[in-house]
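3 is the number of the first residue of the sequence shown in our numbering; add one for each residue after it. This report concerns only the one structure given below.
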Amino acid sequence: MTDNFGGIETYLMNQLRSLDRSRAIFDFVTDFPAIAYESEARELGSEIYYIPAKSRGILAQWKAFSKILKEHPEYQKVYFNILDAGAAITMFIPWLYGRTIVTHSHNGNTDKPRLHRLCRPFLNFFTKKRYACSLIASEFMFGRHHPSLIIPNAINGSLYEFNPQLRAEKRRELGLEDRFVICHVGRLSPQKNPKMLIDIFAELSQKDPQAVLLSIGSGEQNDTVHAYAAKKNLGDALRFLGKRTDVHEILQAADVFLLPSLYEGLPLVAIEAQAAGLPCILSGNISQEAAITDHVRFLSLDLPLSEWVKEIVSLKGFKRRSMREALIQAGYDCDHPSEAELSLRQYFENNIQ
Numbered sequence: 003m004t005d006n007f008g009g010i011e012t013y014l015m016n017q018l019r020s021l022d023r024s025r026a027i028f029d030f031v032t033d034f035p036a037i038a039y040e041s042e043a044r045e046l047g048s049e050i051y052y053i054p055a056k057s058r059g060i061l062a063q064w065k066a067f068s069k070i071l072k073e074h075p076e077y078q079k080v081y082f083n084i085l086d087a088g089a090a091i092t093m094f095i096p097w098l099y100g101r102t103i104v105t106h107s108h109n110g111n112t113d114k115p116r117l118h119r120l121c122r123p124f125l126n127f128f129t130k131k132r133y134a135c136s137l138i139a140s141e142f143m144f145g146r147h148h149p150s151l152i153i154p155n156a157i158n159g160s161l162y163e164f165n166p167q168l169r170a171e172k173r174r175e176l177g178l179e180d181r182f183v184i185c186h187v188g189r190l191s192p193q194k195n196p197k198m199l200i201d202i203f204a205e206l207s208q209k210d211p212q213a214v215l216l217s218i219g220s221g222e223q224n225d226t227v228h229a230y231a232a233k234k235n236l237g238d239a240l241r242f243l244g245k246r247t248d249v250h251e252i253l254q255a256a257d258v259f260l261l262p263s264l265y266e267g268l269p270l271v272a273i274e275a276q277a278a279g280l281p282c283i284l285s286g287n288i289s290q291e292a293a294i295t296d297h298v299r300f301l302s303l304d305l306p307l308s309e310w311v312k313e314i315v316s317l318k319g320f321k322r323r324s325m326r327e328a329l330i331q332a333g334y335d336c337d338h339p340s341e342a343e344l345s346l347r348q349y350f351e352n353n354i355q
């Protein structure tokens with residue numbers, strides 16, 4: 003868990019809400035100074051342990067993690083939800099203490115390829131159970147010779163279901179009544195390709211002065227991206243909203259969802275956007291598994307910006323409707339979990355010692 007209200011954090015909270023807590027303890031260890039959903043996690047009975055980040059020295063992290071495992075023999079399984087195989091460095095400690103390591107891949111590439119390649123053999127050695135959010139995420143993390151069970155990152159379908167009344171209210175609240183609203187949700191980090199996002203919107207705004215881009219999220223490139231955007235002179239047409247807890251409402255207010263990422267595992271926010279009935283334009287680098295409705299278009303990052311703008315403009319006036327049934331059929335609704343999702347819950351609930 004990190005302090006970002008992102009896909010992994012949302013997925014883990016959905017797991018926590020769904021587990022039978024009389025049969026399973028679900029506590030958190032993090033090397034971040036705070037985590038998303040912290041107050042709710044505590045209210046649901048979870049303990050949260052903070053250990054030093056690897057950047058402060060791996061020995062300090064190992065020592066802190068060792069202390070937790072020594073003091074809590076009831077923790078028989080350690081569930082890693084990870085973005086790259088560098089997590090194997092941390093996995094060494096629970097492996098040393100004889101705990102079962104469960105690894106769940108949530109990414110399809112990394113900006114640390116050398117570390118990933120170096121650590122992947124150790125990750126596979128330490129890992130007892132393998133899960134992934136997509137086939138791409140599975141192969142990236144574990145390789146072709148270590149298959150994993152694909153778990154749809156299910157969401158609260160009723161929370162995201164298209165609601166015309168809520169849409170109108172949120173558009174009034176944000177001053178968007180007569181605007182063509184493009185929405186992006188993601189960290190301001192290299193993976194999410196924020197400069198291309200801004201370039202696409204800058205070209206769109208020349209064709210449609212009523213267009214607005216809502217960028218939700220923050221990250222390590224905050225200052226760089228904000229400075230880059232300032233040079234485009236887009237004024238209040240480009241709005242950086244930072245971290246938000248009302249993403250489901252903002253998706254209602256939007257007209258098009260845009261995600262030009264360099265890579266993803268399977269972006270949960272694309273599932274959320276489709277659940278809200280939004281048409282989506284995604285990078286061609288994203289797995290086709292992300293399309294659980296016919297409202298998704300994949301575009302190559304090599305295409306000229308004008309082609310992206312053309313696709314966005316073509317979606318103006320799109321007639322939205324409830325996509326709840328499609329969400330359920332695809333296995334992405336928490337109230338109607340897939341067989342794979344149920345098997346994961348049962349694995350945690352039925353093996354308590």
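For glycine and all other residues, C-beta sits at the position ideal for the given N, C-alpha and C. Here the structure is a predicted model, which means the values were calculated and not measured.
From residue i to residue j, what does the alpha carbon distance come to, in whole angstroms?
i	j	result
I354	S24	Low per-residue confidence applies at I354: pLDDT is 41, beneath 50, and the placement is therefore not dependable, though the value from the model is reported in the following sentence. Cα to Cα, I354 sits roughly 10 Å from S24.
N6	A255	22 Å
K56	H106	20 Å
R58	L264	29 Å
E343	A139	16 Å
I294	L14	21 Å
L270	F28	22 Å
Y99	N83	19 Å
K69	Y162	41 Å
Q63	P211	51 Å
Y77	L46	18 Å
Y195	Q223	It is Asn, not Tyr, that sits at residue 195 in the sequence shown. Roughly 10 Å between the two C-alpha positions.
Y334	N235	40 Å
L329	C336	10 Å
L216	A277	18 Å
K172	K79	42 Å
K209	L190	25 Å
I314	G145	36 Å
E141	F124	15 Å
S136	H108	8 Å
Within 10 angstroms of its Cβ, does residue i collect 16 or more other Cβ (buried), or is it exposed?
i	result
H297	buried
E251	buried
N155	buried
R169	buried
K233	exposed
T92	buried
H186	buried
H74	exposed
E274	buried
A292	buried
T129	buried
A213	buried
R119	exposed
Give the DSSP bridge partners of residue i, in chain order.
i	result
G244	I218 and G219
C121	DSSP output for C121 lists no bridge partner at all.
F300	L284
D335	I157
K79	T102
K131	V104
A213	F182
I70	Looking at the DSSP assignment, I70 forms no beta bridge with any residue, so it has no partner.
L151	Y133
I84	S107
By alpha-carbon positions, which one of the options ends up nearest to residue i?
i	options	result
N158	R347, L344 and H338	H338
P166	K321, P149 and L344	K321
D33	Y51, L280, Y230 and S20	Y51
I60	K130, F94 and G286	F94
Q17	I153, L261 and A328	I153
N126	T102, N111 and I202	T102
L303	I288, V315 and A292	I288
V104	S150, L117, L317 and G279	S150
L346	G9, A26 and M3	A26
L268	A89, L71, A134 and E11	A134
D225	C121, A213, S308 and K197	K197
Q193	I10, E313, P262 and I200	P262
R181	L206, Y39 and I200	L206
W97	L85, K114 and F67	F67
Over the uninterrupted beta strand (DSSP E) stretch that includes residue i, give me the two end residues.
i	result
L190	Careful: L190 lies outside any beta strand (DSSP E) and carries neither H nor E.
T32	F30 to T32
H106	T102 to S107
L261	V258 to L261
Y52	I50 to Y52
Hey, could you find the ends of the alpha helix (DSSP H) residue i is sitting in?
i	result
A255	V249 to A255
N16	G9 to S20
R25	Unbroken run through R25: none, as it is neither H nor E.
I294	Unbroken run through I294: none, as it is neither H nor E.
K312	L307 to S316
K172	P166 to E175
E351	E341 to E351
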